[in-house]
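Data block below; observations after.
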């Protein structure tokens, strides 16, 4: 049952690493880290906060690019180029194929975040030496926790993109659906707060809107749970129970999405 | 020959490109000056629109305001910054602090420039109250609020309340203790302002902001110097000098210092030293 997963994961990982996109993404990350030095020169006081913001946002943004443009293609290419028949002709179930691909993608996300995370560490380390007086509330622990949460968020998003790939015919639709889910997932809790207490900006949402938002709140992943960049940047504490529940939430949503993806994919008819 | 056609076309269009660049740049800049400060997205909406990059957006807005304000130093017209621009800058800083209420720079900027230059003291204290609420470990927001209450709003009771609050937080320096005692003895407002400014300048990294604050400090130090001379005149002759020239005549000062803002120092009928530039 588990045995065929490993080779598929390894192939997926290798394929992803060979993809030129990953070099582009890494160069982008490097570039943004250099910009970090430029911007921090202009900041008046809260240098540590801005440096951490830029470092973490870079890692999260390049991770998103990886999921959107490498991850989705890895899955879609097999379907487009019909190489999936070669895999499915072997004694591998479709669910095994799906899960194997998923783990390959997880390895890719972890590897790329290690690269980008190390860029971030270098830039933060140097900036901390340069502006020691403005890094008083800086905490490496919070930095690595935020990094871990970004990885979890990317893994969840990958599982969701696999779910979309399991039933849609082209990779473009998967891309659009995944991006939309990402946007909804990140703004959902803010939108929900807004439609439930609309006085703050003076809007009047209809009761149907409120119901739709509340329904979406349960359907889409709440990605803002994984966003602790603000806490990390400002050196605020995150409670241990909050960390535990967030990890469990990520794990549960990923498991549900991936299982559904396997189920739908195994029922799918190939032309 | 034919294979050089693309190159020739490229060479032909290169000047057009450069021409457009040199025309469009100033054109857009001129447009921005008229419409640059018009609308600000409300904080809650901005928070949704920036997804999980709200912290980064807060930094961006802050840098935007900083560079906009820095750009006004090149202007020759007076007042240098229009009232609508101050309003806009205040709104943007509010949004920046909505996006990340823990970010210190908007509070710091507001306190450094909205009180002295824009005379938006009440608004500044509203912003600072937010900073004081979220940055509950930080002694500076309540310190700033206390000073504003004392210096601009003349509310000594509230001022000492904020300063007391500030002094209980970690890192509050000795200046607070001496400020509090001076408030009690009704020290000269200029002297307190000098102490306050020295404290603010100490942590300023940005060159433009630092220079602006140092200019203000220098002016206040000169005013304080003249105030001391006026006080000496009072004890010597029992009356208030009619003009600053009287101070020279009495040998209390050698010469009247110049105002770094380009104004002229004078004594009003109550014997208070003022300047025509009003520190702006």
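Residue numbers (this note's numbering), protein chains in the order written: chain A, 2 to 272; chain B, 10 to 289. Ideal Cβ positions, reconstructed from N, Cα and C, are used throughout, including at glycine.
I think residue i touches residue j, with their Cβ atoms under 8 Å apart; what is that distance to the nearest whole Å?
i	j	result
residue 228 of chain B	residue 219 of chain B	At roughly 15 Å, the Cβ-Cβ gap does not stay under 8 Å, so residue 228 of chain B and residue 219 of chain B are not in contact.
residue 110 of chain A	residue 67 of chain A	7 Å
residue 222 of chain B	residue 210 of chain B	5 Å
residue 77 of chain A	residue 166 of chain A	7 Å
residue 64 of chain B	residue 54 of chain A	4 Å
residue 208 of chain A	residue 254 of chain A	Going by Cβ atoms, the distance from residue 208 of chain A to residue 254 of chain A rounds to 28 Å, so no, they are not a contact pair.
residue 61 of chain A	residue 61 of chain B	7 Å
residue 144 of chain A	residue 233 of chain A	6 Å
residue 288 of chain B	residue 225 of chain B	6 Å
residue 128 of chain A	residue 52 of chain A	5 Å
residue 201 of chain B	residue 160 of chain B	7 Å
residue 74 of chain B	residue 101 of chain B	5 Å
residue 224 of chain A	residue 250 of chain A	The pair is not a contact, with the Cβ atoms about 10 Å apart (cut-off 8 Å).
residue 124 of chain A	residue 34 of chain A	4 Å
residue 162 of chain A	residue 175 of chain A	6 Å
residue 242 of chain B	residue 259 of chain B	6 Å
residue 215 of chain B	residue 45 of chain A	5 Å
residue 126 of chain B	residue 90 of chain B	7 Å
Check residue i in the structure and name its three-state DSSP category.
i	result
residue 104 of chain A	helix
residue 244 of chain A	helix
residue 184 of chain A	helix
residue 282 of chain B	strand
residue 221 of chain A	coil
residue 139 of chain A	coil
residue 274 of chain B	strand
residue 77 of chain B	helix
residue 95 of chain B	helix
residue 12 of chain A	helix
residue 53 of chain B	helix
residue 132 of chain B	helix
residue 120 of chain B	helix
residue 142 of chain B	helix
residue 236 of chain A	coil
residue 101 of chain B	helix
residue 199 of chain A	helix
residue 262 of chain B	coil
residue 23 of chain A	helix
residue 118 of chain A	helix
residue 179 of chain A	helix
residue 82 of chain A	coil
residue 128 of chain A	helix
residue 209 of chain A	helix
residue 250 of chain A	helix
residue 68 of chain A	helix
Who are the near neighbours of residue i in its chain, counting only those whose CB is closer than 7 Å to its CB and skipping five residues on each side?
i	result
residue 271 of chain B	286
residue 110 of chain B	139 and 143
residue 180 of chain B	148
residue 164 of chain B	158
residue 116 of chain A	27
residue 206 of chain A	196 and 199
Closer than 8 Å by C-beta to residue i: which residues in its own chain qualify, once you throw out the five before and the five after it? Chain order, please.
i	result
residue 131 of chain B	162
residue 85 of chain A	79, 98 and 271
residue 239 of chain B	249, 250, 256, 276, 280 and 282
residue 193 of chain A	214, 215 and 218
Could you tell me whether the Cβ of residue i comes closer than 7 Å to any Cβ of chain E?
i	result
residue 145 of chain B	Annotation note: the requested chain E is absent from the structure, which comprises protein chains A and B.
What does a CB cutoff of less than 6 Å around residue i pick up in its chain, not counting 5 residues either side in sequence?
i	result
residue 123 of chain B	129 and 133
residue 160 of chain A	255, 258 and 259
residue 112 of chain B	67
residue 267 of chain A	95 and 96
residue 155 of chain A	64, 68 and 110
residue 217 of chain B	79
Worksheet item: Just by C-beta distance, which residues in the segment 93–117 of chain B are closer than 7 Å to chain A?
Response: In summary, the residues of the segment 93–117 of chain B whose CB is separated from some CB of chain A by less than 7 Å are 109, 111, 112, 113, 114 and 117, in the order they occur in the chain.
Worksheet entry | Residues, ordered as in the chain, of the segment 77–96 of chain A that lie near chain B by beta-carbon distance below 7 Å | Only those residues of the segment 77–96 of chain A whose C-beta falls short of 7 Å from the nearest C-beta of chain B would be listed, and there are none.
Worksheet item: What residues in the segment 38–49 of chain A have a beta carbon less than 8 Å from any beta carbon of chain B?
Response: Listed in sequence order: 40, 43, 44, 45, 46, 47 and 48.
Discussion item. Report the start-end ranges of each beta strand (DSSP E) in the segment 145–230 of chain B that is 3 residues or longer and not cut off at the edges.
Written reply: Listed in chain order, there is nothing to give.
Worksheet entry | Near-chain A residues of the segment 213–241 of chain B (beta-carbon distance less than 7 Å), N- to C-terminal order | Cβ contacts with chain A: 213, 214, 215 and 218.
Worksheet item: the segment 235–256 of chain A: which residues have C-beta closer than 9 Å to a C-beta of chain B, in chain order?
Response: Identification of residues in the segment 235–256 of chain A having a C-beta nearer than 9 Å to some C-beta of chain B yields 235, 236 and 237, given in sequence order.
Item to complete: With 7 Å as the limit, tell me which residues of the segment 175–198 of chain A have their beta carbon closer than that to any beta carbon of chain B; keep them in chain order.
Response: For the segment 175–198 of chain A, which is checked against every Cβ of chain B, the residues closer than 7 Å are 184, 187, 188, 191, 192 and 195.
Worksheet entry | Contact list for the segment 253–284 of chain B against chain A, Cβ threshold 9 Å | Answer set for the segment 253–284 of chain B: empty.
Worksheet entry | Short-range partners of chain B found in the segment 100–131 of chain A, where Cβ spacing is below 9 Å | Listed by position, the residues of the segment 100–131 of chain A near chain B (Cβ gap below 9 Å) amount to none.
Discussion item. Under 7 Å, CB to CB, which of the residues in the segment 137–169 of chain B have a partner in chain A?
Written reply: Using a CB distance below 7 Å, no part of the segment 137–169 of chain B faces chain A.
Discussion item. At a CB distance below 9 Å, what residues from the segment 9–37 of chain A approach chain B? Give them in sequence order.
Written reply: If the cut-off is 9 Å between Cβ atoms, the segment 9–37 of chain A has nothing near chain B.
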